[in-house]
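K.L.:
Structure below; questions to follow.
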Amino acid sequence: MDRPDRLEPQAAPLSRGARLLRRLLPAAAAALSGVLLYVSFPPRTVWWLALPAFAGFGWVLRGRSWKSALGLGYLFGLGFLLPLLVWTGVEVGPGPWLALVVIEAVFVALVGVGVAAVSKLPGWPLWAAALWIAGEAARARAPFNGFPWGKVAFGQADGVFLPLAAVGGTPVLGFAVVLSGFGLCELVRLGVERRRTGEVRWLAANLALLSLAVPFVGAFAARTLVSDKAEDGTATVAVIQGNVPRLGLDFNSQRRAVLDYHARETERLAAEVEAGKVARPDFVLWPENSSDIDPFAYADAAAVIDKAAKAIGAPISVGGVVERDGKLYNEQILWDPEKGPTQTYDKRQIQPFGEYLPLRSLIGAINSEWTSMVRQDFSRGTEPGVFSMDGAKVGLVTCYEAAFDWAVRSEVTDGAQLISVPSNNATFDRSEMTYQQLAMSRVRAVEHSRTVTVPVTSGVSAIIMPDGRITQKTGMFVADSLVQKVPLRSSETPATRLGILPEIALLLVAAGGLGWAIGAGIRGRRAEAGQVSAQ
């Protein structure tokens, strides 16, 4: 009589609590990884936390179904974007903030689906990192002309990867960070697998090691592209921060006071110049909204600006709100002490829900107070703004525009030897928004190898060298001025010359990886179906 086969011991069934914990752990890990990515952003300088953040993201997504990956990706997006963008609700309440995050996190969720799909491919960190950049490219363009705030590159102003901005702009810089994070994930996973099985997968281990190491090596090599050497001489620039009467949205009701504050600070600086305490500037930069009273329509405003320009004896770039042919423009005005206004630049990338209101009727039906905050939409400019200021070519990138690759690059390709980012952050109180935007300007300085000045109504104003170093900065909500001799440069980095091409290349890599994963999945299902039919 044959003996029955010996039965393998069965694992004890998990308790209900254990099953629930097993399901919640990936969700918690995804959300906490997103929070870790947020913590890596300014004003903190722990840029390296982005690597374990993406390592955790890759870990929870590996081998997941598309539905599970969608949910986990969304949780990662919420963990990252909810705290990062909390400043958007400082004055208007949580409604717009939460709505923005809910929409933006969808892009991250879709990236999560893609990462899960490619997670079983050889060299998956490469495909997954490219997919992340594809998600950032989509966020930078839609909806309402995009919202690129929170690009991984903007969290790396203090990091070792920063020189890669000069190679291929924010897409290449961000790709390097994410690739290293996913490479770290794969190395740890293979290490755990080796301890469990004793098997060493050399090819996978080498690919993971390359994913982690190559971005560091590339960043070190790219340091040769970073220089603060003057190529076209130097210019002594003055950055004026006049401050505002009150914090918040109601500072706009104090328009004349804001103009007077900036004129007063300029005249104070002029007195110091006359006393020999400060070098005489070649030109002066005022912030966005430093004259919300249209100087072309109101003679008293023009007189205040003209007096300040004559006192300092140098041209001033003034941020004004100008009405022309029934349309409003956020405009930079070049005001010469002898000739008056000579050049203008109209902001091209205007801010949805701040400078214009999409879906106005729908939003008004939800909350009429929201429509009252943007009573009249601003119109867009169409041409780059490069002012000729005492022989220097100064490119204007107004506030929100600094987040958009094309808006900064166009000024450099149009001849800018120096970039100015006039901004108005008074609406956002003392939130992290100011420091996040300042980090963007530091990345732009390295990306295009230009000095970047940041005149802000209420701070933080700064002067940034072409290598990304901040050499001077102000406090917040104080009147102050910065004067410094800075290098003028005209050479173009690879990032400037290549423009959008590195981003397109990474999109093609992402598409290739996703296509490979989809094809492999289809072939696998067909093989399984064939085996079933054969049985």
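Heads up, the sequence shown is in the UniProt record's numbering, so the first residue is 1 and it goes up one at a time.
Beta carbons: idealized from backbone N, C-alpha and C, even for Gly.
Note that this is a predicted model, so its numbers are computed, not measured.
Taking only runs of the beta strand (DSSP E) that begin and end inside the region 177-256, which ones reach a length of at least 3 residues, in chain order?
P.N.:
The region 177-256 contains these whole beta strand (DSSP E) runs: 234-241.
K.L.:
Taking DSSP as the reference, what is the three-state secondary structure of Trp335?
P.N.:
In the structure shown, Trp335 sits in a strand (DSSP, three-state: E or B).
K.L.:
Could you name the residues of the same chain whose beta carbon sits closer than 7 angstroms to that of Trp516, not counting the 5 residues immediately before and after it, in chain order?
P.N.:
Closer than 7 angstroms at the Cβ level, and outside the excluded window around Trp516, lie Leu121.
K.L.:
When you compare the CB positions of Ala128 and Leu75, do they come within less than 8 angstroms of one another, or not?
P.N.:
Their beta carbons are not under 8 angstroms apart, which means Ala128 does not touch Leu75 by this criterion.
K.L.:
Would you mind reading off the limits of the beta strand (DSSP E) that contains Leu285?
P.N.:
Where Leu285 is concerned, the enclosing beta strand (DSSP E) stretches over 283-285.
K.L.:
Please classify Arg195 as buried or exposed, where buried requires at least 16 other C-beta atoms within 10 Å of its C-beta.
P.N.:
Flag for Arg195 reads exposed.
K.L.:
Just to confirm, are Ala495 and Met440 a CB contact at a threshold of 8 angstroms?
P.N.:
No, these two residues do not count as a Cβ contact at 8 angstroms.
K.L.:
Under DSSP, the beta strand (DSSP E) around Ala275 begins and ends at which residues?
P.N.:
Note, Ala275: premise wrong, no beta strand (DSSP E); not H, not E.
K.L.:
Does the distance from the CB of Val39 to the CB of Leu49 come in under 8 angstroms?
P.N.:
In this structure, Leu49 lies closer than 8 angstroms to Val39 by Cβ.
K.L.:
Just verifying my parser: in three-state terms, what is the DSSP assignment at Arg268?
P.N.:
In the structure shown, Arg268 sits in a helix (DSSP, three-state: H, G or I).
K.L.:
According to DSSP, is Ile316 part of a helix, a strand, or is it coil?
P.N.:
Looking at Ile316 - three-state DSSP - the assignment turns out to be strand.
K.L.:
Rounding to the nearest angstrom, what Cα-Cα distance links Ala55 and Tyr261 in this structure?
P.N.:
One C-alpha to the other measures close to 49 angstroms.
K.L.:
Three or more beta-carbon pairs under 8 angstroms between the region 161-169 and the region 52-72, yes or no?
P.N.:
Too few Cβ pairs lie closer than 8 angstroms, so no.
K.L.:
If you count every other CB in all the chains shown that lies within 10 Å of the CB of residue 561, and 16 or more means buried, which is it?
P.N.:
What the structure shows of the chain is the stretch from 1 to 535, and residue 561 is not part of that stretch, so it cannot be assessed.
K.L.:
Between Ile470 and Thr451, is the Cβ-Cβ spacing less than 8 angstroms?
P.N.:
The answer is no: Cβ separation not under 8 angstroms.
K.L.:
Pull the bridge partners of Asp429 from the DSSP assignment, please.
P.N.:
The partner list for Asp429 (beta bridge, DSSP) is empty, contrary to what the question assumes.
K.L.:
Counting along the chain, where does the beta strand (DSSP E) carrying Phe387 start and finish?
P.N.:
Phe387 -> beta strand (DSSP E) spans 386-389.
K.L.:
What whole-angstrom Cβ distance do Val509 and Phe154 have, given they're in contact under 8 angstroms?
P.N.:
About 22 angstroms separates the two Cβ atoms, so there is no contact after all.
K.L.:
Tell me the start and end of each unbroken alpha helix (DSSP H) in the region 56-132 that is at least 4 residues and wholly inside, in chain order.
P.N.:
Complete alpha helix (DSSP H) runs here, min 4: 66-84, 94-118.
K.L.:
Note down, one range per segment and in chain order, each alpha helix (DSSP H) of at least 4 residues found wholly within the region 393-478.
P.N.:
Segments of the alpha helix (DSSP H) lying fully in the region 393-478: 405-413, 433-448.
K.L.:
Identify whether residue 598 lies in helix, strand or coil by the three-state DSSP scheme.
P.N.:
What the structure shows of the chain is the stretch from 1 to 535, and residue 598 is not part of that stretch, so it cannot be assessed.
K.L.:
Across which residues does DSSP place Arg324 in a beta bridge pair?
P.N.:
Paired residue(s): Lys327.
K.L.:
By DSSP's criteria, Gln484 is part of a beta bridge. Which residues make up the other side?
P.N.:
Paired residue(s): Val237.
K.L.:
Verify whether the separation of the beta carbon atoms of Ile312 and Pro287 is less than 8 angstroms.
P.N.:
Cβ distance not < 8 angstroms, so Ile312 and Pro287 don't count as in contact.
K.L.:
Can at least three beta-carbon pairs, one atom from the region 179-186 and one from the region 66-83, be found at a separation below 8 angstroms?
P.N.:
No: fewer than three Cβ pairs fall under 8 angstroms.
K.L.:
Quick check on residue 539: does DSSP put it in helix, strand or coil?
P.N.:
Outside the modelled stretch of the chain, which goes from 1 to 535, sits residue 539, for which no answer is possible.
K.L.:
Can you tell me whether Asp325 is buried or exposed? The criterion is at least 16 other CB atoms within 10 Å of its CB, across all chains shown.
P.N.:
Exposed.
K.L.:
Should Thr453 and Ser423 be called a contact, given that it needs their Cβ atoms to be closer than 8 angstroms?
P.N.:
In this structure, Ser423 does not lie closer than 8 angstroms to Thr453 by Cβ.
K.L.:
Within the continuous alpha helix (DSSP H) that includes Val152, where are the two ends?
P.N.:
Where Val152 is concerned, there is no enclosing alpha helix (DSSP H), given that its DSSP letter is neither H nor E.
K.L.:
For Thr382, I'd like the list of residues in its chain whose CB is within less than 8 angstroms of its CB, leaving aside the five on either flank, ordered along the chain.
P.N.:
Within the same chain, Thr382 has close Cβ partners Asp346, Arg348.
K.L.:
By DSSP, does Phe378 sit in helix, in strand, or in coil?
P.N.:
Three-state result, Phe378: strand.
K.L.:
Have a look at Leu357 and Gln376 and give me their C-alpha separation to the nearest angstrom.
P.N.:
Going by the C-alpha atoms only, they are around 8 angstroms apart.
K.L.:
Compute the Euclidean distance between the alpha carbons of Lys67 and Pro502, then round it to the nearest angstrom.
P.N.:
Cα-Cα distance, rounded: 31 angstroms.
K.L.:
Can you tell me which of the three DSSP states Thr494 falls into?
P.N.:
Note on residue identity: the sequence assigns Pro, not Thr, to residue 494. Helix at Pro494.
K.L.:
Go to Gly17, then tell me how far its alpha helix (DSSP H) extends in each direction, as first and last residue.
P.N.:
Note, Gly17: alpha helix (DSSP H), 16-39.
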